[in-house]
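Asks: Can you keep this structure in mind? I'll have questions shortly.
In UniProt numbering, the protein residues as written are 1 to 292.
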């Protein structure tokens, strides 16, 4: 007996995410209150995508779109595909800025497929599919689960735990006009790092888990990093300069993901002006994740 599908449209809201958070390279992530809204319905013969907002003039509108790729991977996991699906995307998460736009698309596709198919898969399997498509779990985990997440990979795939954040955690993003590419940012990283730097980051990452949950006063120290931000600074001088400027006035600021967006995890002084090339937006921590 083949896989069956619902006839009603399904809608999903996926949050932006910020990964690394300073010392938690490829491990820690945070869901933010900035969203893409996606919907899908089963149709007769092909997969199509209609896009408005971010990326509307440049993203593909066929089966090569990340949302559809994720839907197809999930359908295959479930054991069957519909003949076609019409997808609509209202995108608000900036593309290629270090805010998890690709993870939001992938997780959205997984969730849409889960909603359209009458067979079910677990959140654990959904995370595993999404992380396999993205290549690493640090953004897809908070996008799917919400809140603050610790993600890792085992032989059978990605795993993650979700933790609550303290009320004093107040994210602000500084988004530049310029874009960045994760592949380019990763290419700047060395093959090995000094043992002292690895030990430093281990301590800071452990402290960051405590600070985000219980003691935001420790966030400034807890967001120090020696593994990746310094190596990427030359390729993103504006981002590096803004992080330094914010930290010089006591703000726990970090590069968001692979950049170039900057994330501040504490209050920013009212008289702080990042420059005309930066758009600042105060956000909250999303607590629900990708809701279908």
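The C-beta atom is built at its ideal place from N, Cα and C for all residues, glycine as well. Nothing here was measured: the structure is a model prediction, and the numbers come from that model.
State the CB to CB distance for the pair residue 39 and residue 88, rounded to an integer number of angstroms; the pair is presumed to be in contact (CB under 8 Å).
Replies: Stepping through the chain shown from its first residue, residue 39 is reached at position 39. Stepping through the chain shown from its first residue, residue 88 is reached at position 88. Rounded, the Cβ-Cβ distance is 5 Å, consistent with contact.
Asks: CB-CB under 8 Å to residue 201, same chain, minus the five flanking residues each way: which ones, in chain order?
Replies: For this step, residue 201 is matched to residue 201 along the chain shown. 23, 25, 225, 226, 227.
Asks: What is the residue span of the beta strand (DSSP E) that residue 245 lies within?
Replies: Locating residue 245 in the chain shown gives position 245, counting from the first residue. First-last for residue 245: 237-248, but that is the alpha helix (DSSP H), not the beta strand (DSSP E).
Asks: With distances taken from CA atoms, which of 139, 2, 236 is nearest residue 177?
Replies: Locating residue 177 in the chain shown gives position 177, where the first residue counts as 1. That would be 236, whose Cα lies nearest to the Cα of residue 177.
Asks: Could you check which residue in 115, 132, 140, 70 has the C-alpha nearest to that of residue 98?
Replies: Position 98 of the chain shown, counted from the start, is the residue given in the question as residue 98. Out of 115, 132, 140, 70, 140 has the C-alpha closest to the C-alpha of residue 98.
Asks: Which two residues bound the contiguous beta strand (DSSP E) that contains residue 205?
Replies: Counting from one through the chain shown, the residue named residue 205 turns up at place 205. Run containing residue 205: none in the beta strand (DSSP E); it sits in the alpha helix (DSSP H), 195-213.
Asks: So, with DSSP's three-state summary, where would you put residue 74?
Replies: As a first step, residue 74 must be located in the chain shown, where it is residue number 74. Looking at residue 74 - three-state DSSP - the assignment turns out to be helix.
Asks: By the 10 Å Cβ neighbour count, where 16 or more other Cβ atoms means buried, how is residue 190 classified, buried or exposed?
Replies: Within the chain shown, residue 190 is the residue found at index 190, counting from 1. It is exposed - the Cβ of residue 190 has fewer than 16 other Cβ atoms within 10 Å.
Asks: Report the residue ranges of all alpha helix (DSSP H) runs contained in full by the stretch 121-176; include only those spanning at least 4 residues, in chain order.
Replies: Qualifying alpha helix (DSSP H) stretches, in chain order: 123-134, 140-145.
Asks: On a Cα-Cα basis, can you pick out the residue from 148, 55, 125, 102 that is closest to residue 213?
Replies: What you label residue 213 is simply residue 213 of the chain shown in a count that begins at 1. Nearest C-alpha to residue 213: 148.
Asks: So, under 8 Å CB-CB, residue 121 and residue 163 are touching, yes? Tell me the CB distance rounded to an integer number of Å.
Replies: One-based indexing of the chain shown puts residue 121 at position 121. One-based indexing of the chain shown puts residue 163 at position 163. Contact flag wrong, Cβ pair sits at about 24 Å.
Asks: Assuming residue 291 and residue 172 make a contact with CB atoms under 8 Å, what is their CB distance in whole Å?
Replies: Taking the chain shown and counting its residues from 1, one reaches residue 291 at position 291. Taking the chain shown and counting its residues from 1, one reaches residue 172 at position 172. Actually they do not touch by this definition, with Cβ atoms about 24 Å apart.
Asks: Tell me the residue span of the alpha helix (DSSP H) that contains residue 221.
Replies: Mapped onto the chain shown, residue 221 falls at position 221. Residues 219-222.
Asks: In angstroms, rounded to a whole number, what distance separates the CA positions of residue 231 and residue 63?
Replies: For the purposes of this step, residue 231 is taken as residue 231 along the chain shown, with counting starting at 1. For the purposes of this step, residue 63 is taken as residue 63 along the chain shown, with counting starting at 1. C-alpha separation (whole angstroms): 36 Å.
Asks: Evaluate residue 2 with the Cβ neighbour count: other Cβ atoms within 10 Å of its Cβ, from every protein chain shown; 16 or more gives buried, anything less gives exposed.
Replies: Stepping through the chain shown from its first residue, residue 2 is reached at position 2. Label assigned to residue 2: exposed.
Asks: So, does the stretch 237-249 touch the stretch 266-274, judging by three or more C-beta pairs under 8 Å?
Replies: Contact holds: three or more Cβ-Cβ distances are below 8 Å.
Asks: DSSP three-state label for residue 54, please.
Replies: Stepping through the chain shown from its first residue, residue 54 is reached at position 54. Of the three classes helix, strand and coil, the one that applies to residue 54 here is coil, per DSSP.
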